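Chemist:
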Amino acid sequence: MRIDLASPIDAGDFRARANALLAHQVLPADIDWHSEDSLAFGSKFHGRGIVVPQPPSALHSIVPRSFVRLTELVVLHRDARRFELMYRLLWRLVHEPELAGAARDDDMALAQSMAQAVRRDVLKVRKGLALRTLAPLDGVALAVAWCEPHQRVTELVADGLSRSGAPPPWLLASPDRCVLWTGRHLLCGPGLVAGQARAMNDEQWHGLAAELAELPLAAA
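Going by my numbering, the sequence shown opens with residue 58, and the numbers climb by one from there.
Written out as structure tokens, the structure reads:
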């Protein structure tokens with residue numbers, strides 16, 4: 058069975074699909090997970106900018122909150138096996154409750170390793186991040202920063218930066234995503250080629266920010 062996810066980093070979409078598959082007792086080996094590598098415009102962490110609320114299910118009493126957080130990190134890893142891995146672990150948690158406390162398990166160890174790689178990348182990017190203030194255009198101020206993370210952490214870094222007190226508006230760009238913080242919303246668009254980003258002048262950066270600022274807001 059082929060499952061096409063809306064985004065390669067949307068943990069909410071993955072959880073919704075996984076819960077539905079689990080409810081229908083679809084075996085992990087029977088699923089072929091796919092996601093779009095190119096991310097469209099949207100808001101916050103979602104490729105389509107839309108969050109679909111999920112009703113409570115029996116899984117909430119079975120799956121520990123730590124596993125939900127683990128999933129949120131693992132989906133940001135670039136390993137193509139990440140969705141397959143996390144659905145297999147979800148299936149096993151439901152059918153093998155003792156897995157939650159297992160000290161040694163290959164699947165869990167791989168997931169933890171992926172999550173740790175994402176955490177390390179977030180810290181590395183944050184440490185090396187430097188916002189550069191551009192010359193104002195038509196009285197509008199803007200700061201920009203460029204990063205090249207190993208994992209898909211641009212939006213996670215931007216979310217943390219939005220809480221750090223850095224004065225908006227600012228634009229964080231990477232090969233994966235461009236994220237504009239308006240002071241109220243994180244607005245996202247496709248990433249830039251490194252050479253293109255390094256060659257952009259202040260006016261072009263302002264133009265990109267203006268394009269992102271015109272996005273229709275979605276539920277987030």
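Ideal Cβ positions, reconstructed from N, Cα and C, are used throughout, including at glycine. Keep in mind that this is a model prediction, so the values were computed, not measured.
At the level of alpha carbons, what is the spacing between L62 and P206?
Modeler: Working through the sequence shown from its first residue, we reach residue 62 at position 5. Working through the sequence shown from its first residue, we reach residue 206 at position 149. Using only the alpha carbons, I get a separation of about 22 Å.
Chemist: Output the distance between the C-alpha atoms of G246 and R177, rounded to the nearest integer angstrom.
Modeler: Along the sequence shown, read from residue 1 onward, the residue named residue 246 stands at position 189. Along the sequence shown, read from residue 1 onward, the residue named residue 177 stands at position 120. If I take the Cα positions, the gap works out to 24 Å.
Chemist: Roughly how many angstroms separate the alpha carbons of L229 and S123, rounded to a whole number?
Modeler: In the sequence shown, residue 229 corresponds to position 172, counting from 1. In the sequence shown, residue 123 corresponds to position 66, counting from 1. In a straight line, the C-alpha of L229 is about 29 Å away from that of S123.
Chemist: With the cut-off set at 9 Å, would you say L146 and M165 are in Cβ contact?
Modeler: Counted from its first residue, the sequence shown places residue 146 at position 89. Counted from its first residue, the sequence shown places residue 165 at position 108. In contact: L146 and M165 (Cβ atoms closer than 9 Å).
Chemist: Take E155 as the anchor and find which of D136, R220, P121 has the nearest alpha-carbon.
Modeler: Here the question's residue 155 lines up with position 98 in the sequence shown. Here the closest residue by C-alpha is P121.
Chemist: Do you know how far the Cα of F140 is from the Cα of R74?
Modeler: Start at 1 with the first residue of the sequence shown, and residue 74 comes out as number 17. Start at 1 with the first residue of the sequence shown, and residue 140 comes out as number 83. Distance between the alpha carbons of R74 and F140: 11 Å.
Chemist: Which residue's Cα is closest to the Cα of V197: A223, W227, P65?
Modeler: Indexing the sequence shown from 1 puts residue 197 at position 140. Ranking the options by Cα distance to V197, first place goes to W227.
Chemist: Between the C-alpha atoms of L237 and I66, what's the straight-line distance to the nearest angstrom?
Modeler: Against the sequence shown, residue 237 aligns to sequence position 180. Against the sequence shown, residue 66 aligns to sequence position 9. Cα to Cα, L237 sits roughly 18 Å from I66.
Chemist: Can you tell me which of the three DSSP states G246 falls into?
Modeler: If you number the sequence shown from 1, residue 246 lands on position 189. Here G246 sits in strand by DSSP.
Chemist: Within the continuous beta strand (DSSP E) that includes D67, where are the two ends?
Modeler: Indexing the sequence shown from 1 puts residue 67 at position 10. Element bounds for D67: n/a, residue is neither H nor E.
Chemist: For G240, which residues of its own chain have a beta-carbon under 7 Å away from its beta-carbon, when the five flanking residues on both sides are left out?
Modeler: Here residue 240 refers to the residue found at position 183 of the sequence shown. Only P225, P226 meet the Cβ criterion.
Chemist: What residue range is occupied by the uninterrupted alpha helix (DSSP H) comprising H263?
Modeler: Start at 1 with the first residue of the sequence shown, and residue 263 comes out as number 206. Its alpha helix (DSSP H) spans residues 259–270.
Chemist: What's the gap between the Cα of R161 and the Cα of A174?
Modeler: On the sequence shown, position 104 is the one that residue 161 refers to. On the sequence shown, position 117 is the one that residue 174 refers to. If you take the alpha carbons of R161 and A174, they lie about 19 Å apart.
Chemist: So what does DSSP say about L142, is it helix, strand or coil?
Modeler: Taking the first residue of the sequence shown as 1, we reach residue 142 at position 85. L142 falls in the helix class under three-state DSSP.
Chemist: Is the CB-CB distance between V179 and A266 below 9 Å?
Modeler: Along the sequence shown, read from residue 1 onward, the residue named residue 179 stands at position 122. Along the sequence shown, read from residue 1 onward, the residue named residue 266 stands at position 209. It is not a contact, given that the beta carbons lie outside the stated cut-off.
Chemist: Which residue spans inside the segment 157–244 form an unbroken beta strand (DSSP E) run of at least 3?
Modeler: Segments of the beta strand (DSSP E) lying fully in the segment 157–244: 200–203, 227–230, 234–238.
Chemist: Going by DSSP, what residue range makes up the beta strand (DSSP E) through L62?
Modeler: The residue labelled residue 62 in the question sits at position 5 within the sequence shown. It spans 59–62 - the beta strand (DSSP E) in which L62 sits, taken as one unbroken run.
Chemist: Using the three-state DSSP reduction, which class does D89 fall into: helix, strand or coil?
Modeler: Counting from 1 along the sequence shown, the entry for residue 89 is found at position 32. Strand, per DSSP.
Chemist: Can you look up Q253 in the DSSP assignment and give me helix, strand or coil?
Modeler: Mapped onto the sequence shown, residue 253 falls at position 196. Note: Q253 maps to helix in three-state DSSP.
Chemist: Measuring CA to CA, which of R149, Q169, L269 is closest to L130?
Modeler: Here residue 130 corresponds to residue number 73 of the sequence shown, with the count starting at 1. Among R149, Q169, L269, the Cα nearest to that of L130 is on Q169.
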